[in-house]
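Per this note's numbering: the first sequence ends with 595, consecutive numbering throughout.
For glycine and all other residues, C-beta sits at the position ideal for the given N, C-alpha and C.
Nothing here was measured: the structure is a model prediction, and the numbers come from that model.
Reviewing the structure listed below.
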Amino acid sequence: MDNKEIAALLNDIAVYKELAGENPFKARALYQAARTIEMYPDNLYDLMKKDAFPKIKGVGETIQEIIREWVMTGMSEELEKLKEVVPDGLIEMLKLQGVGPKKVKAIHDKLGITTIGELEYACRENRLALLDGFGVKSQANILKSIEFLKTNKGNFLYYEARVIVEGIFSLLESNKSIYKYTLAGSLRRGKKTVKDADILVVPKEGVPGEEAAGYLKSLGEEIIAAGPTKLSCRINGLQVDFRIIEEKSYPAAIQYFTGSKVHNTQLRGIAKDMGLKLNEYGLYRGEDPLPLAGEEDVYKNLGLEYIEPELREGDGEIEAARDKSLPDILEEKDIRSMIHVHSKYSDGTCDIKTLAEACIKTGYSSLCLSDHSKTASYAGGLPVKRLLEQSEEIQRLNEELKPFRIFHGIESDILSNGDLDYPDDVLGKLDFVIGSVHFKLNMEREEATTRLLNAIKNPFLTILGHISGRLLLSREGYKYDEDAVFEALAKHHVVLEHNCNPYRLDPDWEAMKKAKRMGIKISLGPDAHDIAGFDDMKFGVMMARKAWLSKNDVLNTLSPEELDGFFKDK
DNA sequence: GCCGTTTTCGGCCCGACTGTTTTCAGTCG
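The structure is reproduced here in structure tokens:
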């Protein structure tokens, strides 16, 4: 059990309390406590078991008691009681646009509705419109939102949303009423999936805001909300929130609309403590705005180091910025090796030389090639004979392409029992081994954990590949005991891969951040099957930045000589 | 539900927009 699970419990209780109509500040306190506990460095489950629960700001007697009960008995009476009053279906209803706890409660209390399905039916029968506080418009909006939720759950992959946004930018570029525009929100922070895109727009001098707003409105296939400074619409299915701002409030606005909400809340709290007020228009002492040349000045004026957008998740970055202890986070230019690439030998589309030359052209100094192993027959996995042929070709190329270096590895299937896919004498001939689970993805947590632990114990394993097997928004990964697996990685000096494919981005940045704390090295793996796949490295760098990783934490930043040493030491 | 040396009770971040209302509550970010 880990802190994440305790946090999830407190979050659940908070949601149920909101829906039960309790004092919203109680729910807020629980949310706050959940967040603090999630980022707490030590395992609070174990500490509670030992009756050594530490003093944590925001976690008082009542919440400690909830945790104690849950740790000792595996349940929470508080939550059970709430569940009796609040049906599960109501939680789902909160996902509907324009529907919050108060409205859900009204829908439930007055119409006896407990699921989204029933709500949809009630809307079609026009019963919602007759309810106090609701009307024809809210009924129509709720129906629309149910429809939307049913089709794509309202989520987009980071890169899908980026493609839509780039399309919008090319339109804004050529519009005469717009002076500048920029990306904010969760996309700027580099979240792996997003619900919307936030775009700031500054109209040209002398152009009234309404004119720019009118143009932006014409881009939407559906308008969700439209005012003089804010426009929400749907473009190619993605919700896009435009904010029309004046140039003078740009520094405060870009900070404000980049978020996250939690980050901004903390920031405004600091401003308040200093006798200042922070909003999207500026930083004020009384009525007087402090001069801000850029976003950096917002932080500077609050006594903080500049915080990169990827770090603004309310996960300790503000405390670190105050102590001047923020890490020097990874940049794309730090990457020197392309690790986890497939060639024509298995299911890639390029020959090895083409891949190597593309790496050289990009400025990389080495390529770590890893085709599929023999069990992955569907992907052209290599029998031993082919593997040895490949080895010869790589030796030839290494002579030819000096000082560039190709390392010969394999992406070995991790078999059901945790064994790797070749005997030791074959594995021993390779420079490195990535172990990945490709089949039997539906194991129970315990079995999956044992499988991973066995693989990690194998002295030939260098890197553990796409750890959970998940595909974002389409396939949930299998569950495993993260603490146990990470402890084993640290103990056996096995590198944890962050798979950079935008459909995977596996594991999450939160897990990588924890891995770093435990002394585990991270390898960014584009899992490329052609040269275009090299581009996915940028998603990995983005996630590494979110995880607070520095150059020293990432295998891909090593020179060929250093990598050679690293593989040999293993 | 939590917190505090200006507080042990009364606050808890802030503003825009919508829809249902005759002045504002609820939602959102």
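Rounded to a whole number of angstroms, what is the C-alpha to C-alpha distance between residue i and residue j?
i, j, result
"F429", "S584", "10 Å"
"D438", "K482", "15 Å"
"L614", "I141", "Residue numbering for the chain in the displayed model covers 26 to 595; residue 614 lies beyond these limits and cannot be assessed."
"K217", "P484", "33 Å"
"L72", "A277", "42 Å"
"V40", "E109", "14 Å"
"T283", "E357", "21 Å"
"L144", "K128", "12 Å"
"P334", "R214", "5 Å"
"D223", "M567", "18 Å"
"I189", "M100", "45 Å"
"L489", "Y70", "27 Å"
"S163", "I249", "12 Å"
"L440", "F464", "8 Å"
"K187", "E102", "For the sequence presented, residue 187 should be read as Arg rather than Lys. Near 44 Å, if we compare the C-alpha coordinates of E102 and R187."
"G300", "D313", "12 Å"
"D602", "R529", "Any answer about residue 602 is impossible in this case: the structure gives the chain only from 26 up to 595."
"Y183", "V124", "25 Å"
"L478", "L336", "31 Å"
"V369", "I431", "First, the amino acid is wrong: residue 369 is Lys here, not Val. Computed Cα separation, rounded: 15 Å."
"K242", "V462", "47 Å"
Return the first residue and the last residue of the beta strand (DSSP E) that residue i is part of.
i, result
"Y204", "203-209"
"I431", "430-438"
"S395", "391-397"
"P228", "221-228"
"S259", "What sits at residue 259 in the sequence shown is Arg, not Ser. Where R259 is concerned, the enclosing beta strand (DSSP E) stretches over 255-260."
"E247", "247-251"
"F457", "457-461"
"Y65", "Run containing Y65: none; DSSP gives neither H nor E here."
"Y309", "307-310"
With burial defined as no fewer than 16 other Cβ atoms inside 10 Å of the residue's Cβ, what is the status of residue i: buried or exposed?
i, result
"L413", "exposed"
"K399", "buried"
"K539", "buried"
"A165", "exposed"
"I343", "buried"
"T98", "exposed"
"N151", "exposed"
"R149", "exposed"
"F159", "buried"
"P527", "buried"
"Q680", "Because the chain in this structure spans residues 26 to 595, residue 680 falls outside the shown range and cannot be described."
"Y56", "buried"
"G192", "exposed"
"F511", "buried"
"G434", "buried"
"T387", "exposed"
"Y204", "exposed"
"G328", "exposed"
"N442", "exposed"
"V161", "exposed"
"N467", "exposed"
"M543", "exposed"
"N48", "exposed"
Along the chain, where does the alpha helix (DSSP H) containing residue i start, and where does it finish?
i, result
"D594", "585-594"
"K242", "234-244"
"N304", "Where N304 is concerned, there is no enclosing alpha helix (DSSP H), although the beta strand (DSSP E) it sits in stretches over 302-304."
"M537", "534-542"
"H288", "286-298"
"F282", "275-283"
"L580", "Element bounds for L580: n/a, residue is neither H nor E."
"G452", "Strictly speaking, residue 452 in this sequence is Leu, with Gly absent from that position. Residues 449-452."
"I269", "Not the alpha helix (DSSP H): I269 falls in the beta strand (DSSP E), residues 263-269."
"F194", "183-198"
"I31", "28-44"
"S441", "Per DSSP, S441 belongs to no alpha helix (DSSP H) and is neither H nor E."
Give a yes or no on contact between the stretch 132-143 and the stretch 85-101, applying the rule of three or more CB pairs nearer than 8 Å. no
Could you check whether the stretch 492-504 touches the stretch 564-577, counting it as contact only if at least three pairs of C-beta atoms, one from each stretch, sit closer than 8 Å? no
Cβ pair count under 8 Å reaching 3, the stretch 550-558 against the stretch 359-372: yes
Of all the alpha helix (DSSP H) runs that stay within the bounds of the stretch 85-152, which reach a length of 4 or more residues? 86-98, 102-110, 114-118, 126-136, 141-149
4 or more residues per run - each alpha helix (DSSP H) lying fully within the stretch 333-381: 342-348
Give, in chain order, every unbroken run of the beta strand (DSSP E) that is at least 3 residues long and sits entirely within the stretch 465-540. 520-524
Would you say the stretch 371-387 touches the stretch 404-418, given that touching needs at least three Cβ pairs under 8 Å? yes
Could you say if the stretch 529-548 and the stretch 471-478 meet the contact criterion of at least three C-beta pairs nearer than 8 Å? no
Touching or not, the stretch 49-63 and the stretch 29-37, by the rule of three or more beta carbon pairs under 8 Å? yes
Kindly confirm or deny that the stretch 232-242 and the stretch 251-270 touch, where touching means at least three C-beta pairs closer than 8 Å. yes
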